[in-house]
Every structure is written in C-alpha cells, then in structure tokens.
Amino acid sequence: MTSKKQKLPIKNKPLTIRDEIHGDMSFEGAVRHAIDHPSFQRLRSIKQLGLAEFVFPCATHTRFQHSLGASYLAVQYFETMVRGWSHSSFDFEGKIEKTRFSPLLTRQRLQEVGEHPESYRFWRDAIGLAGLLHDVGHGPWSHTFEFLDLQQDFREVLEPIHGVVGKYLREQLKSGKPFMHEEVSLLYVHKLLTDLEESDLVPDALKFFVPVSALIHRKMGLGKFQKEIESEIQKELEVRNLKGGVEVHRLLRPVISGPFDVDRIDYIQRDGRNCGVNIGGIEWRRIVSKLIPCLANHQGASNEPQDVVLISNVKNQHVLDDFIFSLFQMYAQVYLHPKIVGVEEVAKRLLKKVQKGKKKPVITFEMHQQLTDERFRYLLKEEFGISEIEDLLFRKRGAGVHVVSLPPNTGMEKNLKASGYSMVDLLDRPMMKDSVGLFLFGAYQHQSGKSVKTEHLIQPWVKVSPIAHHFYTINYSPKIWLKSELLG
Numbered sequence: 004m005t006s007k008k009q010k011l012p013i014k015n016k017p018l019t020i021r022d023e024i025h026g027d028m029s030f031e032g033a034v035r036h037a038i039d040h041p042s043f044q045r046l047r048s049i050k051q052l053g054l055a056e057f058v059f060p061c062a063t064h065t066r067f068q069h070s071l072g073a074s075y076l077a078v079q080y081f082e083t084m085v086r087g088w089s090h091s092s093f094d095f096e097g098k099i100e101k102t103r104f105s106p107l108l109t110r111q112r113l114q115e116v117g118e119h120p121e122s123y124r125f126w127r128d129a130i131g132l133a134g135l136l137h138d139v140g141h142g143p144w145s146h147t148f149e150f151l152d153l154q155q156d157f158r159e160v161l162e163p164i165h166g167v168v169g170k171y172l173r174e175q176l177k178s179g180k181p182f183m184h185e186e187v188s189l190l191y192v193h194k195l196l197t198d199l200e201e202s203d204l205v206p207d208a209l210k211f212f213v214p215v216s217a218l219i220h221r222k223m224g225l226g227k228f229q230k231e232i233e234s235e236i237q238k239e240l241e242v243r244n245l246k247g248g249v250e251v252h253r254l255l256r257p258v259i260s261g262p263f264d265v266d267r268i269d270y271i272q273r274d275g276r277n278c279g280v281n282i283g284g285i286e287w288r289r290i291v292s293k294l295i296p297c298l299a300n301h302q303g304a305s306n307e308p309q310d311v312v313l314i315s316n317v318k319n320q321h322v323l324d325d326f327i328f329s330l331f332q333m334y335a336q337v338y339l340h341p342k343i344v345g346v347e348e349v350a351k352r353l354l355k356k357v358q359k360g361k362k363k364p365v366i367t368f369e370m371h372q373q374l375t376d377e378r379f380r381y382l383l384k385e386e387f388g389i390s391e392i393e394d395l396l397f398r399k400r401g402a403g404v405h406v407v408s409l410p411p412n413t414g415m416e417k418n419l420k421a422s423g424y425s426m427v428d429l430l431d432r433p434m435m436k437d438s439v440g441l442f443l444f445g446a447y448q449h450q451s452g453k454s455v456k457t458e459h460l461i462q463p464w465v466k467v468s469p470i471a472h473h474f475y476t477i478n479y480s481p482k483i484w485l486k487s488e489l490l491g
C-alpha cells in the first residue's frame, strides 16, 4: 500500500501504449495513474481466457491487455458521444410503443459537460476508470475461479467502505452468497482510489468511487440501491460544481454494460485474434461514433423500466448485425468449445472431490491480491493436495478428458450415461443483454406550409433486423457430455 510517507513519483505526461488491436492508445489523468497501481498490475498475470490456452495455445493474452483496451474504447466512446450530440439531427421527443425518447435533455446535459472543462475531465476519467477496472476483481482461471466453491473472508477489507456501496457489500456478505468478481472489483476499486488519494497522485480520487462502482456493477447500479447511488452521485457533483447530473451517469452505463459495450467490443477482437478464429471484421469506430445513448423512459423485454436507450441511423444496421454474429461465433468456437468446457469442469470436480470431509480453503482479500494463474495452480497441487491438476493441464497419459457435444434430444443420453459420461451443467448464454433498448431511425424532410420539417421513422433493432431478432430470442447453451480417468 502506498502511504503519505512514501509517495510515488508524480507523472503528468500522457501514457501511450502500442496495442495489437487498437494501435496507439493514450491514457491520461486518473486513468494514467491507476494503470501503475499494483491492484491493476496484478492483471498481467491473469490470463483473459483462463484454461483456454490448453486448447488454443496462443490464447495467453491477459486481463491487463483487455482492460487497457476497454478503458481506451470507453474514453473514445465518451468523447464522440459529447461531440456527436452537439450536432445530431435526432430530435424526436415522442413515444414509440413503450419507449418515450428525451433527446433534448440528453443534448442539454452533454453540452453542459462539453462546455465545462473540469466536468469534462471528471466524466472522462470516470468512464476511463470504469473501463480499466471493470475486471480488476477477477481471480486466476477467469470465470472458473468463481465456481470452485472456495470459502471467502473479506470482512476486514469492508471496514473502511462506507456509504451505499458499503451497504450493498455488507448486505451481500450477510446473505451468505459468495462474492463474484463484480463484488471483489468494488473492493479493489476502493483500495486503488484510496491509495491514489493518500499518495497525492490523484487528489480527491475517492470522488470517483460511487460513480465508477455503479458503472462496473450493473446489478447494484440498477437494483434497489439505484436511488441511493444516484443521490450520492448528485451530492458529489453539486459539492464540486460539476455539470451533467445523474443523467450523464445514466448515459455512460451502456458504454460499460450493454449489448455493444466496450468490454465486448474489445474481447471479441482480442480473443478472436489470439485464438486464431476468423470472426470477420468489427467496425468498432463506427459503433463508438454512430451508436449513441439517449435518455428515455423505456420498458424492456423483461418489463423492467430503463432510463436510457441506444439509437443509430438505420444505415448502420449491418455493423450491428456483424457484431452480434461475431459474438455468436466466439461462443460457438471458443468460449463454449467442448474441450475447454471439459477441462474447466474436471478442475471443478477435482476440487470438490478433494474437499469432501476437509476444511475448505479460505480466500482472503490479501491472498486474492497475490493469486496468479501459476500461483493458484501451485496452491491446488502443493497445499490443497490436488496432484491431478498437473496431470490434467499437462495432458499426461491416463489423464484424458473425453467430451461429446450433441444437439439436444438426440436420444443418445442413455447410451452416454451407460458409457460413463455425465452431462455438464451449463448456464444459458443470452446473446443479447436486455439492459438497453436499441432503436434504428431514418429521417426525411417535407414541406409544411412555409417551413421544412424533419420527420423521424423509428423502429426497434430487433424488428428491423432478422439477425437481431434471432439472437434476441434464443439462448446458446450446447449439450456437452464428459468423462475423465481423473474423476475415477
């Protein structure tokens, strides 16, 4: 931890990093300092795709690389959003089905930010930090780590976290539910911002804590704590005389968590490239510049009210269709590759097998900060007594993982069970996040008396695009069967 007695050197110059996907990426302000913090640097040793490297040998890229890319894209999205609304022709203040659009208020709030340099820097840093830290709570082996049934003890690190975020985390702790990476990320964000503030690298760095936390943890930000969160954000803005209000925070939500968020824009390209999967091109610059958040009163497919939607000109439909089809290809070819699923499942079952009748390993926040992919593998073997992990990951003879992937209802289930196979319990993977409505519009002008009026024709993307309709209505979850000599 950085203390006031041992200050880090002041670095005010923008940091430029050459990236395999986005080229030169520039970072400044609070984001530039957050990159150097140990809590973020630990992601250098956490692989983005966990155990996928044992199937795709080149998939050794890290959460560090991905998070840098997401932060860069988030700032690009924010800057084009502010510029885009200043000259956007979209001014439809009407209602389409269950959605009422508010473009005038949207334009007003973003213009306030654009004309006030201090406010602009605040929101730019907030969205940049959210992109940078959205995955900072991930442990080793990616999402597999969250389902290993490990005991947690994060009580001590919760003590200094107050306000609505602390209230939410304590309620989660009291419920007995394990902290997923989203909750652990909030612990890291608080530690990182506290250290930056105490070292004087970023004065008042904790002003970002609530807005950034609500952006990276969507369920907390949109759940029963939403009013309290927005109240805390509004008070902070008023105290510091910052413009935009909670409306700007709402507009930034789909940038971090939505159907076309910066997380997906980066990982689809980065994962595809490093796995050698040909997914076609993603026109991320077109998405970032032409897909614009707009304040609205929107009723989603799950009948949950939303206060922001995404709008784009209908001529950009093909860009959006290509994106969602590329996402499906990544799920089919990489994320739910039968062999990857099999290796992850065997690792989970091995740990449960060893834990029977034994005290479960306890993960504290201090231990979590030290865990890397290699360190965790060592702990499993040497301290938890799971020697089979080495046999599994290094494909030793007699440690095979046999998987069968079949369409549902093939009638082969009895034969597979008789042959020693068991089905892997996979969660349904929705291709579309129902967090934001997405609308395509076209405009035309007509003479009305002595004046020329612009009319907008607006339709939901899922009604305009057959591809969007298909992926909006299905969940992708293949049926995978598994057996391994390691499981006995």
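Mapping of the sequence shown onto the working numbering: residues 4 to 491, in sequence order.
All C-beta atoms in this analysis are idealised placements derived from N, C-alpha and C, irrespective of residue type, glycine included.
Residues in the same chain with beta-carbon distance under 6 angstroms from residue i, minus the five sequence neighbours each way, listed in chain order, please.
i	result
Gln9	Any answer about Gln9 is weak, because its pLDDT of 49 lies below 50 and its placement is not dependable; what the coordinates show is given next. Excluding positions up to five away in sequence, the list is empty.
His472	Val465
Ala217	Gly224 and Ile232
His405	Lys486
Asp138	Arg66 and Ser70
Leu18	Phe30 and Arg35
Where does the unbroken alpha helix (DSSP H) through residue i begin, and where does it stop?
i	result
Pro41	Pro41 to Gln44
Lys16	Note, Lys16: premise wrong, no alpha helix (DSSP H); not H, not E.
Arg223	Looking at the sequence provided, one finds Met at residue 223 rather than Arg. Segment Arg221 to Leu225, the alpha helix (DSSP H) holding Met223.
Tyr171	Gly166 to Ser178
Ile268	Val265 to Cys278
Leu195	His184 to Glu201
Tyr381	Asp376 to Tyr381
Trp287	Trp287 to Lys293
Asp394	Glu391 to Leu396
Ser234	Gln229 to Val242
If I measure Cβ to Cβ from residue i and keep anything under 8 angstroms in the same chain, skipping five residues before and after, which residues do I get?
i	result
Phe397	none
Arg127	Gly32, Val78, Phe81 and Glu82
Ile24	Gly72, Asp269, Gln272, Arg273 and Arg276
Thr109	Trp88, Glu250, Leu254, Pro296, Cys297 and Leu298
Asn15	none
Asp22	Met28, Gln68, Leu71, Gly72 and Tyr75
Tyr424	His405, Val407, Trp484, Leu485 and Lys486
Lys222	Glu185
Lys384	Ser390, Ile392 and Glu393
Arg86	Gly117
Look up residue i in the DSSP assignment and say whether it is helix, strand or coil.
i	result
Ser329	helix
Glu458	strand
His301	strand
Ile470	helix
Leu441	strand
Val404	strand
Val312	strand
Gln51	coil
Ser216	helix
Ser425	strand
Asp256	The amino acid at residue 256 is misidentified as Asp; the sequence shows Arg. In the structure shown, Arg256 sits in a helix (DSSP, three-state: H, G or I).
Asp324	helix
Asn281	coil
Pro341	helix
Leu490	helix
Asn412	coil
List the whole-angstrom C-beta distance separating residue i from residue j, where the pair is believed to meet the contact cut-off of C-beta under 8 angstroms.
i	j	result
Gly140	Leu190	7 angstroms
Leu330	Leu151	At roughly 26 angstroms, the Cβ-Cβ gap does not stay under 8 angstroms, so Leu330 and Leu151 are not in contact.
Gln68	Ser145	At roughly 14 angstroms, the Cβ-Cβ gap does not stay under 8 angstroms, so Gln68 and Ser145 are not in contact.
Lys246	Val116	5 angstroms
Arg289	Val322	5 angstroms
Ile259	Ile285	Actually they are not in contact, since the Cβ atoms of Ile259 and Ile285 sit about 18 angstroms apart, beyond 8 angstroms.
Ser188	Leu136	6 angstroms
Arg158	Leu172	Contact doesn't hold; Cβ gap of about 10 angstroms is too wide.
Glu239	Val280	At roughly 43 angstroms, the Cβ-Cβ gap does not stay under 8 angstroms, so Glu239 and Val280 are not in contact.
With a CB to CB cut of under 7 angstroms and the five nearest residues on each side skipped, what residues in its chain are close to residue i?
i	result
Ile314	Phe93, Ile295, Cys297, Phe442 and Phe444
Met415	Leu409
Phe148	Gly142
Met4	Low confidence applies to Met4: its pLDDT is 45, below 50, so where it sits in the model is not reliable enough to give any reading.
Glu121	Leu245
At a Cβ threshold of 9 angstroms, is residue i touching chain C?
i	result
Val467	Here there is only one protein chain, and chain C is not present.
Beta strand (DSSP E) containing residue i: first to last residue?
i	result
Thr367	Val365 to Thr367
Trp484	Lys482 to Ser487
Val28	Sequence check: residue 28 is Met here, not Val. From DSSP, the beta strand (DSSP E) with Met28 extends over Gly26 to Phe30.
Gln155	Gln154 to Asp156
message = Please give me, in chain order, every unbroken run of the alpha helix (DSSP H) with length at least 4 that falls completely inside the stretch 59-130.
response = 66-89 and 106-117
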